[in-house]
Amino acid sequence: PRVAVIVVAAGSGTRLQAGAPKAFVGLDAQTILHHCLRGVFDARSAQVVIVAPEERVGEALADAQDAAGERRDLVSVVAGGRTRQESVAAGLAAVWPDVEIVLVHDAARALAPAALIDRVVAAVERTGWGVVPVLPVVDTIKQVEGETVTAVVDRSQLAAAQTPQGFRRDVLGAAYRVADTEYTDDSALVAAAGHPIATVTGDQRAFKITTPDDLERARSLIGAPRA
Ligand code: C5P
8 PRVAVIVVAA
18 GSGTRLQAGA
28 PKAFVGLDAQ
38 TILHHCLRGV
48 FDARSAQVVI
58 VAPEERVGEA
68 LADAQDAAGE
78 RRDLVSVVAG
88 GRTRQESVAA
98 GLAAVWPDVE
108 IVLVHDAARA
118 LAPAALIDRV
128 VAAVERTGWG
138 VVPVLPVVDT
148 IKQVEGETVT
158 AVVDRSQLAA
168 AQTPQGFRRD
178 VLGAAYRVAD
188 TEYTDDSALV
198 AAAGHPIATV
208 TGDQRAFKIT
218 TPDDLERARS
228 LIGAPRA
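Residues are numbered in UniProt numbering as their position in the sequence shown, beginning at 1, plus a constant of 7.
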């Protein structure tokens with residue numbers, strides 16, 4: 008089946024304090040978006056839809072075509088929305104008609120390897136379910152209200168969700184059509200529409216760059232000089 012990967016890169020990156028929308032911040036000579044797309048173009052995909060801030064669509068297209076090399080015909084770029092969910096919906100509207108499996112991936116997970124992307128695609132093919140990559144939770148988690156601990160949570164029943172998350176195209180499209188609130192990720196939105204979700208093993212390198220510390224970690228992982 009033909010696979011499209013929607014890479015959402017339309018966030019403002021306020022928490023990163025790097026002076027530009029997050030996906031357009033440099034890790035080394037290349038941006039976060041560029042690094043993310045290297046993994047995507049090394050994976051099995053027929054179309055790559057990048058969702059960028061409206062004023063950065065041209066810049067995203069140039070960066071994506073550079074990262075794509077010989078696969079530049081696969082690239083589409085569209086403008087995003089106010090929330091991540093609106094940005095995914097915008098990307099979904101640009102997916103080609105013959106695509107059967109859609110992955111949604113955060114540009115901010117710049118170092119997610121191609122093997123992780125292919126693992127998600129394989130699991131969607133095998134099960135027909137929504138697929139989310141997860142890692143065990145390493146910290147002990149508390150339920151709190153204000154400054155009071157209100158419950159203990161059994162860590163063995165928890166997992167941290169990553170992207171890319173993969174879905175049958177018809178399932179994801181139908182779930183987005185009926186979504187009436189904001190969900191924190193696509194697998195929650197698809198589950199709310201009544202579809203089963205499976206997990207595959209995530210990857211430490213697929214961590215999301217959110218804070219200045221995360222940016223330092225990504226830079227040191229790729230051997231970039233410290234900013
Ligand atoms: O802000 P956060 O790190 O949770 O965003 C996750 C991903 O969603 C990022 O890659 C970001 O660019 C994207 N996003 C988006 N449109 C928004 C908000 C976030 O594409 N309005």
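C-beta: ideal position from N, C-alpha, C; glycine also.
6 Å CB neighbourhood of residue i in its chain, flanking five on each side removed
| i | result |
| --- | --- |
| W103 | Q54 |
| G20 | P28 and K29 |
| A67 | I57, A59 and V84 |
| K149 | V156 |
| R78 | F48 |
| P8 | E107 and I108 |
Check whether residue i and residue j have beta carbons under 9 Å apart
| i | j | result |
| --- | --- | --- |
| A213 | L110 | no |
| E107 | R175 | yes |
| L222 | V197 | no |
| D105 | R51 | no |
| L44 | A69 | no |
| A181 | A199 | no |
| D210 | P120 | yes |
Alpha carbon of residue i to alpha carbon of residue j, nearest angstrom
| i | j | result |
| --- | --- | --- |
| D113 | V15 | 5 Å |
| I57 | G98 | 7 Å |
| V47 | T170 | 12 Å |
| K215 | V131 | 23 Å |
| D161 | G153 | 20 Å |
| T155 | V82 | 49 Å |
| R133 | G26 | 43 Å |
| Q92 | E189 | 7 Å |
| V127 | A96 | 20 Å |
| V85 | D49 | 22 Å |
| Q72 | G65 | 11 Å |
| V32 | T38 | 5 Å |
| A158 | R63 | 44 Å |
| D80 | I13 | 15 Å |
| D220 | Q164 | 28 Å |
| E231 | R224 | The residue you asked about is not Glu; residue 231 is Ala in the sequence shown. Looking at the two C-alpha atoms, the distance is approximately 10 Å. |
Cut-off 7 Å between Cβ atoms - residues of its own chain near residue i, not counting five sequence neighbours on either side
| i | result |
| --- | --- |
| A166 | V141, L142, P143, V144 and T206 |
| S94 | V15, A17, V58, G87 and G88 |
| D192 | A168 and Q172 |
| T147 | R162 |
| E61 | A86 |
Close beta carbons around residue i, own chain, < 8 Å, minus the five adjacent residues each side
| i | result |
| --- | --- |
| T218 | R22 and L23 |
| I229 | L34, D35, H42 and L118 |
| W136 | A130, H202, P203, I204 and A205 |
| A11 | S52, A53, Q54, V55, V56, V102, W103, V106, I108, V109, L110 and R176 |
Residues sharing a beta bridge with residue i, DSSP
| i | result |
| --- | --- |
| L142 | A167 |
| Q172 | V111 |
| A205 | V138 |
| G33 | T38 |
| I57 | V14 and V84 |
| R150 | Checking the sequence, you will find Gln at residue 150 rather than Arg. Answer is A158. |
Discussion item. Using a strict less-than 6 Å threshold between each residue's beta carbon and the heavy atoms of the ligand C5P, what residues do you get?
Written reply: Here the residues close to the ligand C5P, judged by CB distance below 6 Å to any of its heavy atoms, are V15, A16, A17, G18, K29, A30, V58, G87, G88, R89, T90, R91, S94, D113, A114, A115, K215 and T217 in chain order.
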